[in-house]
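Input: a single structure, listed below in structure tokens.
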Amino acid sequence: MFNALVVNKNDDGKTSAAVEQLGLDDLPNGDVTVAVEYSTVNYKDGLCIGPGGGLVRNYPHVPGIDFAGTVEASDDPRYKAGDKVVLTGWRVGEAHWGGYSQKARVKADWLVPLPAGLDTRQAMAVGTAGFTAMLAVMALEDHGIKEGPVLVTGAAGGVGSVATAILANLGHKVAGVTGRPETAEYLEALGASQIVSREEINETVKRPLEGETWGGCVDAVGSAMLARVLGQMQYGASVAAVGLAGGAGLPATVIPFLLRGVNLLGIDSVMQPYDNRLRAWERIAKDLPMDKLEAMVRPATLSDLPALGADILNGQVQGRIVVDVNA
Ligand code: NDP
41 MFNALVVNKN DDGKTSAAVE QLGLDDLPNG DVTVAVEYST VNYKDGLCIG PGGGLVRNYP
101 HVPGIDFAGT VEASDDPRYK AGDKVVLTGW RVGEAHWGGY SQKARVKADW LVPLPAGLDT
161 RQAMAVGTAG FTAMLAVMAL EDHGIKEGPV LVTGAAGGVG SVATAILANL GHKVAGVTGR
221 PETAEYLEAL GASQIVSREE INETVKRPLE GETWGGCVDA VGSAMLARVL GQMQYGASVA
281 AVGLAGGAGL PATVIPFLLR GVNLLGIDSV MQPYDNRLRA WERIAKDLPM DKLEAMVRPA
341 TLSDLPALGA DILNGQVQGR IVVDVNA
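Residues in the sequence shown are numbered from 41 upward in steps of one, following the working numbering.
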């Protein structure tokens with residue numbers, strides 16, 4: 041028997057989450073059984089744990105959109121018992137039971153071997169948010185990062201923290217947008233050289249174009265913030281749009297695209313092909329300083345998850361929450 045956080049749908053249609061004991065026979069079908077060591081708390085996890093059920097496709101459900109651990113049994117020749125692996129995406133934790141469990145069974149195609157230089161805890165300190173931050177940086181690089189600061193919105197959150205640390209480590213000047221002035225010291229320690237308040241970016245401006253300020257942008261917030269930032273980009277610069285923490289709308293005009301050649305790059309971490317995932321994890325091991333990663337981490341256990349799910353939906357989480365599923 042092993043422990044897992046199970047979300048059940050009650051007779052009144054509401055959901056509730058609690059740690060339960062399960063057996064290997066309870067796990068869904070898959071080629072590889074993994075002894076999970078660590079998982080994390082992402083925005084999507086908050087939705088899946090919360091009372092509305094969010095993105096969950098089937099009940100009972102074990103959430104957790106990412107995990108790292110050791111292969112216990114494998115029907116696929118690419119993996120053998122004892123291999124260290126990491127998983128992000130593929131609707132695990134939404135449509136297929138995920139990482140909030142001491143055991144997981146998944147398709148071999150969804151896994152990536154843990155790259156040299158990262159242990160399972162570090163891999164989950166990065167997690168889906170950090171993996172996505174790396175994909176965003178790679179997309180900006182593919183289109184060329186211009187001179188001048190690179191803006192990171194939602195900077196104190198998971199994606200923002202990792203993006204800040206990677207970009208600064210690559211030698212870029214980073215400006216972090218945050219609604220929490222008390223995180224300024226934390227962001228500076230990650231490498232941000234400029235802190236921009238959320239209010240400053242969100243103030244209403246009628247002009248679709250402003251001064252050419254940012255050489256690139258990783259945007260975790262969307263909505264009015266993204267619309268404003270588009271008009272502040274340098275000529276030909278790119279915005280990697282990662283998230284919608286501020287809302288799904290986009291009250292923008294086409295002017296920044298037409299008159300400044302701004303590129304809006306959509307980043308999706310879920311359906312990334314194997315080669316891209318491997319390349320991103322290898323870049324993470326190379327380009328993300330582990331001491332900075334450690335400064336972002338807050339540890340948690342399976343029983344902490346219901347409260348933490350609510351915190352992340354309220355934008356109250358700083359950095360990355362790493363769940364030790366065996367604690
Ligand atoms: P976090 O909650 O850790 O961070 C989001 C940050 O956004 C907050 O910390 C806060 O930063 C800021 N924020 C929150 N609410 C608002 C608001 N109303 N207005 C302006 N800023 C706000 O989440 P993650 O970093 O894990 O994820 C960020 C987004 O990226 C989410 O929407 C998530 O779903 C998405 N995402 C997308 C992925 C993909 O594949 N495209 C993968 C992973 C995540 P601060 O306090 O500094 O202002």
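We put the beta carbon where it would ideally sit given N, CA and C, even for glycine.
- The alpha carbon of Thr172 has as its nearest neighbour, out of Ala148, Gly197, Leu353, Gly53, the alpha carbon of Gly197.
- Residue pairing from DSSP places Leu304 in a beta bridge opposite Val279.
- Assigned with DSSP and collapsed to three states, Leu95 falls in coil, not helix or strand.
- Residue range 160-183 is occupied by the alpha helix (DSSP H) that includes Asp182.
- Distances from the CA of Ala292 to each of Gln234, Leu270, Gly355 were compared; the closest alpha carbon is that of Leu270.
- If the five residues before and after Tyr275 are omitted, its C-beta is found closer than 7 Å to the C-beta atoms of Glu252, Arg300, Gly301, all from its own chain and listed in chain order.
- Your pair Val81 and Val46 does not check out as a contact, with CB atoms roughly 17 Å apart and the cut at 8 Å.
- Note on geometry: alpha-carbon atoms of Ala148 and Asp71 lie some 6 Å from one another.
- Nearest to Ala340 by C-alpha distance, out of Lys332, Arg118, Gly359, Ile324, is Gly359.
- Distances taken from the Cβ of Ile307 to the heavy atoms of ligand 1 include one shorter than 7 Å.
- Spatial neighbours of Asp315 in its own chain (CB-CB distance under 7 Å, excluding positions within 5 residues in sequence) are not present.
- Taking 7 Å as the cut-off, the C-beta of Asn82 counts as close to a heavy atom of ligand 1.
- For Asp85, there is no enclosing beta strand (DSSP E); the enclosing alpha helix (DSSP H) covers residues 83-89.
- Residues of the same chain with a CB within less than 7 Å of the CB of Thr204, apart from the 5 flanking positions on each side, are Val192, Ala195, Val214, Gly216, Leu227, Leu230, Gly231, Ala232 in chain order.
- Taking the C-beta atoms as reference points, Ser263 is found nearer than 8 Å to Gly286.
- Shown here, Pro296 sits in a helix according to DSSP, grouped into three states.
- Between the region 132-141 and the region 86-99 there are three or more inter-stretch CB-CB distances shorter than 8 Å, so the stretches are counted as touching.
- At least one heavy atom of ligand 1 is found less than 7 Å from the C-beta of Gly219.
- Where Ser56 is concerned, the enclosing beta strand (DSSP E) starts and stops at 55-62.
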